[in-house]
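Trainee: Handing you a structure now.
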Amino acid sequence: MSAQTVFDTAHTRQSGHASAPHPLPELTATSGVHGLLRQVATVDHQGTVIAFARAATGPDLFYNVLDLKVSTAVDNLEWTGFVKLDVPTQLRPAGSGIVTVGDTNGTILAVAEAPLVLVSDEKYLYLLQQSSRGTVLLNRFMFKRAVPAGGGVAVPVLEPVWEVRFQRSGKEDIPDGPRDTQGYTAPDGTPFIEPTIELPMIKNLTDGRFDALILPNQSGTGTRWQFVAVNAPNGTLDLFSFPADENGLPDLAGVKLAEGGTIDPDATIALTLDQDGAQIPLDLAGRPSATLYTLRERVKATSGSDLLLKRSARVMLAQPVRRTDGALQIATLDLALGTGGRLARLPETTSASLVQPANDALQFANAAYLQLPASPALALKGSYRAEFWLYPSSAVTTDQYIFRGDPANGAANAAAYVMITRDLRVATGFGTGSDAVSASTTAAVITPGQWVHVQVSYDTAAARGNFTVLVNGRPVAVTGADNTALPAGQPITTISGSHDGIVGILDGLRLWDVSSGTAVPVGDWPFDQIDYDASPPITPDQSTNHNDAAVHGAVLVSSTAPISTDTAGTLYVDADGLASYAGVLSFAEPGGSPSLFTGSDGLVHLYYAGLPDGDRDGLFCVAQYDAESARAVWQSGWTATAGPAAQTGTLQLTAARSGTFMNAATITIQPADGAALCTVGIDDGHGRVETWRGVPRSLDRFVAVLNGTATSDLFTPLFRSGGATFYDCTGSYAQSQMAVSSPDTSSVLSVLSRFPAVMQLASAGIDTVTDTTCTVRLTFTVPQWTGAPTVTQSWPEVSVFAATFLQQLGGIAPGYDYSDTTSASASVHGLATVDAANTTHDLLLLTPAGVADLKVAIEAGSRSDRCTIQLSLDANGPKTVELRDISRDQVAVAAAINASTLSLYVLAVTDGLSAAALDQPAATPPVRDLRAWAFLIAAFAEERLAPNARVTQQDPVPAAILQSAQLASGGKTTTLSAGSTLVRALAASEPSNGGVALVDNTTGPATLSTAAINGGWVRVSPHKAIAVNGANGVVWDMAAPTSETLALPGDITVEAWCKPAGATPAGARPRLVGYHRAGSPDFPDQPIQWALGLQPAPSLNFTDSTAINGSYDLDGTDCTPAAVGVPDWHRRLGPAHAAGHGRRQPAVSDPERQ
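So for the sequence shown, full-length UniProt numbering puts the first residue at 1; every next one is plus one.
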């Protein structure tokens, strides 16, 4: 990590993020401030930067506003000057609005002279300070403009927030008589100022060691306060989270109180450093600093350009820590933010690992390449292996070599090579001396704009499959894999290529010679450094062969490849699946507490003072965290069969969260009970395992289940209309799957009971099949009935055509005879209920065989919405029950019947809607026909049916619970009711042959097609320039292949930054850069010439006493030698040149700005 002494201004502090320091003007006595200020802090509030500082002695606070205007030329001149801040003297404990005490002299609770914390929610500005007893004091201020007492232009000011009280009593809760009204002011107009609020639960503070954020509630409206505090006696970080009330203050209503009436932290964390397995205690040695930032993911716009979209919000916390050897370091906690605004949970003792900055890699533009030395080690004559990380930065329109030999040798004598083909496959091969041997991945495995790890192997000893390719650690199919020929032994000479190399980033390349049966490294180029002192520059080979590569055109860039280097810290995943990282920055050597800020540039900026150098203060340093990330993506397949033709396609599974921790996940798709179903297993590799039983193989339904758009509600209109997929995530429904066939394909229909808690399906069968009709026979079990009898039920004359079959069993087929009331061994009675729209519903009462004379009487209850119900029946004698004063709602009536003693003989079900039972004398409810049974069962297809699909005769199919979705984590198992918490599914392609796409089983885990990447602490390249004196320069080697890239015929744009050292002779035109070439590969006969230079121009000369008290427009002729007089070129500006009024500004005395 390069420590920078240049101040970084690319940061904001909004919605709860304090801003970074801004330049302040010199203090003047007129501002009311004498001497130096201390404990300076700034905040960006409503787009305006406000600086706060404490007086040199005492607790007084002052503020200064950077009041920028459209016409502002120099920001630093727009500070309004320091003004004393009026802080309320009354005191109130948080959560106790009725308790307010005066404390003008701070005798009850004084302010500690500790650093300030500032937070803005864009409505109010919050000032937080440590109190004298180690708690937090909070004040709110309004930012407004007010006209000074003497009149004039309104200036920005901060005023304490007013609050509502009873105007006469001055109290929030007690009026001074019945005529006392509420308002913001007392009768004499004095405002009621909101008191200083103490947060007593945050305690044991020293030196202002706390920070605060206002975090978004991502599941809805509102925000949450997040406090991070160092508990000095305990040596722990205490984390508190409270919702913000309607006024923006921490809302303690509903917060659970601990013993003694205190509020415990949501989390208490002690830090240790994992050093080779040993846990080294870390003392919390300074103030924490926290910031909210957003992970960004790169996506392709419709135009083809890259966009960085903000995705997941996270919180970064920096805490200075001291090791047992006395060394001061910075620990970082990178915490996921849950949907409710709460942070991911860490263990009470959190072990952090050393964090390294992201490594560098080589970026190759067109024609950039590396030249390898002539080395016998690179002349491969047998088995070999190569691996590398690649990031193609643009579309691959031509074959691009990763490495190769001299192309002049021809294909039959080619050295071993690896290339990326124009159709995004990985190809490898070599020449045998007489023939060219090659193999390539069967499918495209490279995605532009995404990192991919590739390992290519050639094994002459293998019986078959001599060529193998692993993509992101998983084997992929290879075409031409079987070949045992030997390479001719030509040396590998080039990485990338001058005309046929890669356009993108290469992070590491390693080569092994495996001809002896043992892998011997012959080249290991990490590509993380370039020695520019060599000519040409070289990048080192770390193998013992030292085949250092000469660099032509490639440049170092920060790598985001998900390599093994720890750039984040120790990973923790909590019970909710939220990931956190705990690390200690190996590259930072702080001399004090750090400050974290989120920048508009997408980076998180960590500012800190470096270690002192003798009697000199440490340098002002900055480290930067790149928040760009990517999600892991896996691929599997599907097959759609239409007649003899089969089509295949891709199913894509994308991690639900960004970060490399998901690269360790495995996804399997395996057979399940039922050919139309499969079992999906997802193991994130960190203790969270999802098991999805009975997922439909139909592609669209598979996607719906994993993405949480399927439903387990059989009554929802969307399911009943066929618009939603059913999935039994709780494992409640026993299903029978009945075969359906057509000339082109086969599928299944699922049949189940809508009320498994009352009546569970036992089997379903089809018999008496003719060309057009069949009989459906169903059996059910009713566990609550005495002896658990089996209920049988049949459907006669049902169509064998599957679409009509489903309509008839659904009770919606016109022309089908539903009038049969004796189709089952149990009876179904209907008790009418009425909803608010006067629509009639049926509360169904099921009775088994042997029950007779069922009667129901309903009378008025204690209120209009209540009733008393009497049920009577005969079951080996009369049985009665009275349900006194129960709700009339049909759902409540059904629940009361099913909980009564008569539930052994009668059970009730409803459609779940709100409808009321009506009063009636004792009577037998009418027996319902087959439409009632259509209400009790559900039948649906597991995939899209062919138009000519038919059901076939089949013996009763036993029903079984085929589906469930469970998450196992931390020793607990929970039901997944809203889709997968780990992945999202996408049909990357759709069938076009008219068939139904069915998801295939995986052979082993699904292929990781795109590896996820994390953000990381990046190295900041030093900003350097070249110095020239007129006699030296930089020369391009025109014989080098890369020089052709500058041969640009026609119109071009050339840009440069330069700083001329002094005046040039009259008439001289210093040249900055020039290019001359007689022709180029594309235009061999056309001379290429272009140049960039400087031309002298007049300017205004300022001295220490010069001042301009207006603004002026000058034509070019006004500053010519003739107009101003040669040789001085000075001109006095007068009214004739004035274009307006301006204020007096200090003269510019820097000679380099003259």
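Each residue gets a CB set at the ideal place from its N, CA and C atoms; glycine is no exception.
Which of the three DSSP states, helix, strand or coil, is assigned to Met662?
Mentor: As a position in the sequence shown, residue 662 is number 662, starting the count at 1. Correct three-state label for Met662: helix.
Trainee: Report yes if the CB atom of Thr779 is closer than 8 Å to the CB atom of Thr792, and no otherwise.
Mentor: By 1-based counting over the sequence shown, the position of residue 779 is 779. By 1-based counting over the sequence shown, the position of residue 792 is 792. In this structure, Thr792 lies closer than 8 Å to Thr779 by Cβ.
Trainee: From Asp507 to Cys1058, what distance separates their C-alpha atoms?
Mentor: Along the sequence shown, one-based indexing puts residue 507 at 507. Along the sequence shown, one-based indexing puts residue 1058 at 1058. Approximately 33 Å, taken between the alpha carbons.
Trainee: Give the list of continuous alpha helix (DSSP H) stretches no shorter than 4 residues that lie fully inside the segment 29-64.
Mentor: Whole alpha helix (DSSP H) segments, 4+ residues: zero.
Trainee: Can you tell me where the beta strand (DSSP E) holding Trp634 begins and where it ends?
Mentor: On the sequence shown, residue 634 is found 634 positions in, with the first residue counted as 1. That run of the beta strand (DSSP E) goes Val633 to Ala642.
Trainee: For Gln529, does the count of other Cβ atoms within 10 angstroms reach 16, so buried, or fall short, so exposed?
Mentor: Taking the sequence shown and counting its residues from 1, the one referred to as residue 529 is at position 529. Per the 10 Å Cβ criterion, exposed.
Trainee: By the DSSP assignment, the alpha helix (DSSP H) with Pro216 in it spans what residues?
Mentor: One-based indexing of the sequence shown puts residue 216 at position 216. Run containing Pro216: none in the alpha helix (DSSP H); it sits in the beta strand (DSSP E), Phe210 to Pro216.
Trainee: Would you kindly report the start and end of the unbroken beta strand (DSSP E) that includes Ala112?
Mentor: Here residue 112 is taken as the residue at index 112 of the sequence shown, counted from 1. Careful: Ala112 lies outside any beta strand (DSSP E) and carries neither H nor E.
Trainee: At which residue ranges does the segment 253-309 contain complete beta strand (DSSP E) runs of 3 or more residues, listed in the order of the chain?
Mentor: The segment 253-309 contains these whole beta strand (DSSP E) runs: 267-275, 278-281 and 289-300.
Trainee: Please name the residue, chosen from Asp86, Asp919, Leu343 and Val418, that lies closest to Gln226 on a Cα-to-Cα basis.
Mentor: The residue you call residue 226 lines up with position 226 of the sequence shown. Ranking Asp86, Asp919, Leu343 and Val418 by Cα distance to Gln226 puts Leu343 first.
Trainee: Per the DSSP calculation, Leu118 is bridged to which residue(s)?
Mentor: Sequence index remark: in the sequence shown, residue 118 carries index 118 (1-based). Partner(s): Leu127.
Trainee: Spell out a yes or no on whether the segment 924-940 and the segment 657-666 are touching, meaning 3 or more CB-CB pairs, one atom from each, closer than 8 Å.
Mentor: Because the criterion of three Cβ pairs below 8 Å is not met, the segment 924-940 and the segment 657-666 do not touch.
Trainee: Here's a check: name, in chain order, each residue in its chain whose Cβ is nearer than 7 Å to the Cβ of Ser375, leaving out the five neighbours to either side.
Mentor: Taking the first residue of the sequence shown as position 1, residue 375 is located at position 375. Here the set comprises Pro491, Asn545 and Asn547.
Trainee: Got a sec? Which residues, its chain only, sit under 8 Å from Thr711 by beta carbon, not counting five neighbours each side?
Mentor: The residue you call residue 711 lines up with position 711 of the sequence shown. Closer than 8 Å at the Cβ level, and outside the excluded window around Thr711, lie Leu718, Phe719, Ala724, Thr725, Phe726 and Tyr727.
Trainee: Under DSSP, the beta strand (DSSP E) around Gln890 begins and ends at which residues?
Mentor: Counting from 1 along the sequence shown, the entry for residue 890 is found at position 890. No beta strand (DSSP E) contains Gln890, which is instead part of the alpha helix (DSSP H) from Gln890 to Asn898.
Trainee: Give the secondary structure of Asn231 by DSSP, where H, G and I count as helix, E and B as strand, and everything else as coil.
Mentor: In the sequence shown, counting from the first residue as 1, residue 231 sits at position 231. Three-state DSSP puts Asn231 in a strand.
Trainee: Measure the C-alpha to C-alpha separation of Tyr293 and Ala386 and round it to an integer number of angstroms.
Mentor: Here residue 293 is taken as the residue at index 293 of the sequence shown, counted from 1. Here residue 386 is taken as the residue at index 386 of the sequence shown, counted from 1. Distance between the alpha carbons of Tyr293 and Ala386: 38 Å.
Trainee: Considering Trp389, what are the terminal residues of the alpha helix (DSSP H) in which it resides?
Mentor: The count along the sequence shown starts at 1 and reaches residue 389 at position 389. Unbroken run through Trp389 is the beta strand (DSSP E), Tyr384 to Pro392; no alpha helix (DSSP H).
Trainee: Can the beta-carbon of Ile193 be found closer than 8 Å to that of Pro347?
Mentor: Numbered from its first residue, the sequence shown carries residue 193 at position 193. Numbered from its first residue, the sequence shown carries residue 347 at position 347. Not in contact: Ile193 and Pro347 (Cβ atoms no closer than 8 Å).
Trainee: Helix or strand or just coil, what does DSSP make of Gln807?
Mentor: On the sequence shown, position 807 is the one that residue 807 refers to. DSSP places Gln807 in helix when its eight states are reduced to three.
Trainee: Label Ala331 either buried or exposed according to how many other C-beta atoms from any shown protein chain fall within 10 Å of its C-beta, with 16 as the threshold for buried.
Mentor: The residue given as residue 331 occupies position 331 in the sequence shown. By the 10 Å Cβ count, Ala331 comes out buried.
Trainee: Relative to the alpha-carbon of Ala676, which residue among Ser736, Leu239 and Gly248 has its alpha-carbon at the smallest distance?
Mentor: Working through the sequence shown from its first residue, we reach residue 676 at position 676. Among Ser736, Leu239 and Gly248, the Cα nearest to that of Ala676 is on Ser736.
Trainee: So Ala932 is in the alpha helix (DSSP H); what residue range does that whole segment cover?
Mentor: Counted from its first residue, the sequence shown places residue 932 at position 932. Looking at the DSSP string, the run of the alpha helix (DSSP H) that includes Ala932 is Leu930 to Leu936.
Trainee: How big is the Cα-Cα spacing for Val445 and His45?
Mentor: The residue you call residue 445 lines up with position 445 of the sequence shown. The residue you call residue 45 lines up with position 45 of the sequence shown. Approximately 49 Å, taken between the alpha carbons.
Trainee: Is Gln529 close to the ligand MG? I mean its beta-carbon at under 7 Å from any heavy atom of the ligand.
Mentor: Ligands displayed in this structure: none; no statement on the ligand MG is therefore possible.
Trainee: Going by C-alpha to C-alpha distance, which of Gly95, Arg54, Ser169 and Ile50 sits closest to Leu125?
Mentor: Position 125 of the sequence shown, counting from 1, holds the residue named residue 125. Ranking Gly95, Arg54, Ser169 and Ile50 by Cα distance to Leu125 puts Ile50 first.
Trainee: Buried or exposed: which applies to Glu943, given that a residue is buried once 16 or more other Cβ atoms fall within 10 Å of its Cβ?
Mentor: Sequence index remark: in the sequence shown, residue 943 carries index 943 (1-based). The residue is buried, with at least 16 neighbouring Cβ atoms inside 10 Å.
Trainee: If you run the structure through DSSP and keep just helix, strand and coil, what is Asp75?
Mentor: Counted from its first residue, the sequence shown places residue 75 at position 75. Three-state DSSP puts Asp75 in a helix.
Trainee: Using only alpha-carbon positions, find the residue among Lys855, Ala561, Ser543 and Thr539 that is nearest to Gly553.
Mentor: Counting from one through the sequence shown, the residue named residue 553 turns up at place 553. Selected option, being the one with the closest Cα: Thr539.
Trainee: Opposite His605 in the DSSP bridges: which residues?
Mentor: Against the sequence shown, residue 605 aligns to sequence position 605. His605 is bridged to Phe597 and Gln624.
Trainee: Rounded to the nearest angstrom, how far is the Cβ of Ala623 from that of Trp1017, given a contact under 8 Å?
Mentor: As a first step, residue 623 is located in the sequence shown; it is residue number 623 there, counting from the start. As a first step, residue 1017 is located in the sequence shown; it is residue number 1017 there, counting from the start. 6 Å between Cβ atoms; contact.
Trainee: What first and last residue would you give for the alpha helix (DSSP H) that runs through Pro717?
Mentor: On the sequence shown, position 717 is the one that residue 717 refers to. Counting along the chain, the alpha helix (DSSP H) containing Pro717 begins and ends at Pro717 to Arg720.
Trainee: Considering only their Cβ atoms, is the gap separating Tyr625 from Met316 smaller than 8 Å?
Mentor: Taking the first residue of the sequence shown as 1, we reach residue 316 at position 316. Taking the first residue of the sequence shown as 1, we reach residue 625 at position 625. It is a contact, given that the beta carbons lie within the stated cut-off.
Trainee: Fully enclosed by the segment 791-852, which beta strand (DSSP E) runs are 3 residues long or longer?
Mentor: Runs of the beta strand (DSSP E) inside the segment 791-852: 827-834 and 840-847.
Trainee: Determine the contact status of His829 and Leu913, defining contact as a CB-CB distance below 8 Å.
Mentor: In the sequence shown, residue 829 corresponds to position 829, counting from 1. In the sequence shown, residue 913 corresponds to position 913, counting from 1. No.
Trainee: For Ala73 versus Ser351, is the C-beta spacing smaller than 8 Å?
Mentor: Counting from 1 along the sequence shown, the entry for residue 73 is found at position 73. Counting from 1 along the sequence shown, the entry for residue 351 is found at position 351. No.
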